[in-house]
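Have a look at the structure below, then the notes.
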Amino acid sequence: MTTGHLHLAVALDGAGWHPAAWREAGAHARELFTARYWAKLVGEAERGLLDFVTIEDAFRLQSTLPDDVDDRTDQVRGRLDAVLLAASLAPRTRHIGLVPTATTTHTEPFHVAMGIATLDHVSRGRAGWRVQVSPRASEAAHFGRRTIPRLDPEFRDRALLAELFEEAADAVEVARRLWDSWEDDAEIRDVATGRFIDRDRLHYIDFSGRWFSVKGPAITPRPPQGQPIVAVLDHGGTAVPYELPARAADIVFVTPQDREDAARIVERVRAVPRDGEPLRIFADLLVFVGPDAAERKARLDELDGAELVSDAAIVTGTADELADLLLDWREAGIEGFRLRPGAVPADLKGIARGLTAALRRRGAFRHAYESATLRGLLGLPRPASRYATAPGRLP
Amino acid sequence: MTPPHRKIHLAAHFPGVNNTTVWADPRAGSQIDFSSFEHLARTAERGKFDFFFLAEGLRLREHKGRIHDLDVVGRPESLTVLSALSAVTERLGLAATVNTTFNEPYELARRLATLDHLSGGRAAWNVVTTNDAFTGANFRRGGYLDRADRYRRAEEFVRLARTLWDSWDPDAVVADAERGVFVRPGAIREFRHEGPQFTVAGHFTVPRSPQGHPVIIQAGDSGEGREFAAANADVIFTRHGTLAEGKAFYADVKSRLAKYGRRPDELKIMPGVTFVIGDTDAEAAELAAEIRRQQVSPQTAIAFLEQIWGRDLSGLDPDGPLPDIEPDLSREVAEGRVRHHDRAAVAERWRAVAREKGLSIRELVIEMTGRQSFVGSPQTVAKSMAEFVAAGAADGFILVPHLIPGGLDDFVDRVVPLLQELGAFRAEYTGTTLRDHLGIAVPAGKEAA
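One line per chain: the protein sequences are C and U, in this order. In this text, residue positions in the first sequence follow my numbering: the first is 7, and each later residue adds one. In this text, residue positions in the second sequence follow my numbering: the first is 49, and each later residue adds one.
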């Protein structure tokens, strides 16, 4: 029933998603905080013609504990700011989408929106924003502006999560209004009247909400894509599952455990009312790919002293096995996958070279980039500004 | 043989969103396209400049209650565009103006340390404060901070940022796969800060960056600003463009350093200056006059007058005389820009000058609102700059071109080689970090607790 091409993204985080991945040969873990390290990874993903990469981020050190630092010195600790990292990758790439994480609980919506708009300018239309909340007391203590109770690992405090998601939805609304606040033709450079802009085509956004008010307009002209891509990971555990992505996002990342689960999730996502383009549903999978995938995972589990656990399903297999699994899940309504490589570079290469080739043999993946923008790669049109006046108005 | 000149430091300011950036010129390009930033930054690097500088504006300016429409407007988020520029430059310092009023230390310290990592040690932060509720309308905290509180917040902000930058030992990341040690035990220390502005605790997420701390720049000439710079800054960005003012300012600021245990050469004084280059001095003077006319269009002349007079003067002829009516001192027509403190006195002075020289409104505004700092042949400009520095009026200059993206080309092609011949400017970069270029040491990290 479903044909056409799958969408593929890769989720980059440190040396890979296995906590011991940095100990693999060829991991170059000493270079983790350099631009060169990331440029190599994104270059690999781009040669595989992937739709986009995401970059993880958080206002806390990685930890094995839910809301405290641990004393583990045998795992990667430390991260760079993901939006800036993505910006440094923009001039080093030409086609691949760049989707950094930026959180909404302790940040200024105005700054985040201008950062993503700028990423879209410097990448000439390849920016996205993976929206995330900061639900931990330890993160709140880094800012000292609000109190958040210590994280319950089972997320039983639905009210808190609902509040943080509500605030995230407001932050996205502010960003979207700001991105539209300059109409495309606002800059006129009219020497006769001395006007650089037509100020009737710049708009105050006048957002007023429970957590913040933002007047606008943007300081940055409208991004090349009009609206950069917004993506949200949703485990379906909130009071109203998938409401935030349905309301605010272009892509939802979901975490099915098997094909039946995928079908159930797709049904629940599609049941949430939504305006505009249908939400693109991507499934997250943590993958070890290649002929030696199982050995690699076993070796890393052994080094870490524990079997890998994840919120996403963990898949170990050859590129052909993985390709068959993705196409099977596609039948359940999954349109794309965000693959979290177990170890970098091995599993990244497994995805960018092995998996893409296997999918192409099945007629399910692109042979060349068909668009210069991320919206284009995802099959989304460039929207008009919500503030644009009807065509045919007087100049 | 003349002794070699004192070495000049040079920075390039991306042209700003005000009337001095000329857009009504066929050579004027995009103020937002990345290629414009790339061109200016690469030109500065070709000229062996110390750093590239971006200003900040967090709300579009208004005039008579509406968005000001006569000047270039629209800018990127500074640290994001500088991160992109780090990929297309290798040695050039990258300086962002970022305000302490509408940011939080943990997030901004992370972003600055990130830029320092991505650029291999080329990040700088121009610390500014904002006072007005007008800008605050775009931010969570909103509101207004009085002048003293702005500096108190800035001071504590910078102190806290330094604590965060010092919280990872320089050799924390060992990434020893064999032994399974990624970070050395105890090398990431907990921070705890309790102050009137911020009460925060926890762990920073970014390893100590190549420069230890990004270079700190301060802009602002007030007494509080000078004191803040003497205590905290590596570079001070001033507006004192004349030799006499420059010398007085230089002597004043350098004399404040001792009480903070700092040597005079640990703070570089760099006035923001403009320049016009011609084949001859006479040609440069003609060009300078033409640029001033481009900078002050008839509409811009009236807008300037309205700012002083506090009135709608759109009916006046810009080529005619000043109005007879008195300024309305109860009303401000401009928002989001530096204000004239005593508009009655300014109006009086403007009238006197117009009368004396017989100037029209536009001619008067051209005369009164700015003149290029260095005008002349390449030889004249190089010599004047070297003399300015030799006389103890500055350590170097932040050059503000009037054209995007080509406004620095002539300076780099024609003046820089002469400065190099004079021995007043580096022929090659001798280091890789901005601290290397400025001759400023990496701050010592904290000893392990």
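Where a beta carbon is used, it is the ideal one built from N, C-alpha and C, also for glycine.
Not a single C-beta of chain U is nearer than 8 Å to the C-beta of C:W135. Take C:G20, set aside five residues on each side of it, and the residues of its chain with a beta-carbon closer than 6 Å to its own are V82, in chain order.
S345, P346, Q347, T348: these are the residues of the stretch 341 to 368 of chain U whose beta carbon lies less than 8 Å from some beta carbon of chain C, given in chain order.
Assigned with DSSP and collapsed to three states, U:V301 falls in helix.
By alpha-carbon distance to U:I325, the top candidate from U:I339, U:D217, U:L315, U:E104 is U:I339. Inter-segment contact for the stretch 460 to 479 of chain U and the stretch 72 to 89 of chain U is absent: fewer than three beta-carbon pairs are separated by less than 8 Å. For C:D290, the enclosing beta strand (DSSP E) begins and ends at 286 to 295. Scanning the stretch 373 to 453 of chain U for uninterrupted beta strand (DSSP E) segments of 3 residues or longer gives 422 to 424, 444 to 447, listed from N- to C-terminal end.
The beta-bridge partner set that DSSP reports for U:V283 consists of U:I265, U:K316.
C:R36 belongs to the set of residues whose beta carbon lies under 8 Å from a beta carbon in chain U. Residues of the stretch 119 to 141 of chain U whose Cβ lies closer than 7 Å to any Cβ of chain C, in chain order: D119, V120, V121, G122, R123, P124, E125, L127, T128, V129, S131, A132, S134, A135, V136. Under the three-state reduction of DSSP, C:G356 is assigned to helix. Taking the Cα positions, U:H57 is about 51 Å away from C:D310. With 16 or more other CB atoms across the displayed protein chains lying within 10 angstroms of its CB, U:P258 is buried. Under DSSP, C:A17 takes part in a beta bridge, and its partners are C:T60. The residues V263, I264, I488, in chain order, have a CB closer than 6 Å to that of U:D282 in the same chain once the five nearest residues on each side in sequence are set aside. When the alpha-carbon of C:L386 is set against those of C:Y393, C:I122, C:S377, C:I194, the nearest one is in C:S377. U:L130 is a Cβ neighbour of U:L102, given a cutoff of 8 Å. The stretch 378 to 387 of chain U and the stretch 107 to 126 of chain U touch, with three or more beta-carbon pairs separated by less than 8 Å. In this structure U:E354 is buried. Its beta-carbon is surrounded by 16 or more other beta-carbon atoms within 10 angstroms.
Listed by position along chain C, the residues whose Cβ is nearer than 7 Å to that of U:I339 form an empty set, because the closest Cβ is around 15 Å away.
In the three-state reduction of the DSSP assignment, U:G95 falls in the coil class, being assigned neither a helical nor a strand state.
With contacts defined as CB atoms closer than 8 Å, C:G134 and C:V105 qualify as a contacting pair. Per DSSP, the beta bridge partners of U:S257 are U:G260. Distance check between U:V448 and each of U:G363, U:E435, U:Q420 places U:Q420 closest, using alpha-carbon atoms only.
Under the 8 Å criterion on CB atoms, U:V413 is classed as non-interfacial with respect to chain C. By the Cβ-count criterion, U:S83 is exposed, with fewer than 16 other Cβ atoms from all chains shown falling within 10 Å of its own Cβ.
Taking a beta-carbon distance threshold of 8 Å, C:R305 does not count as an interface residue toward chain U.
Interface annotation, U:F82: in contact with chain C, CB-CB separation under 8 Å.
By the Cβ-count criterion, C:Y248 is buried, with 16 or more other Cβ atoms from all chains shown falling within 10 Å of its own Cβ. For the options C:S129, C:D73, C:M120, C:D77, the alpha carbon positioned closest to that of C:F161 is the one of C:D73. Under a 10 Å Cβ-count criterion, U:G368 is classified as exposed, with fewer than 16 other Cβ atoms of the shown protein chains found around its own Cβ.
Taking all protein chains shown into account, U:I373 has fewer than 16 neighbouring C-beta atoms within 10 Å of its C-beta and is therefore exposed. For a Cβ distance threshold of 8 Å, residue set W71, D117, L118, D119, V120, V121 of chain U lies close to C:F202, ordered along the chain. Residue state for U:T348 is assigned as helix, using DSSP reduced to three classes.
C-alpha of U:D224 to C-alpha of U:V231: approximately 9 Å in a straight line.
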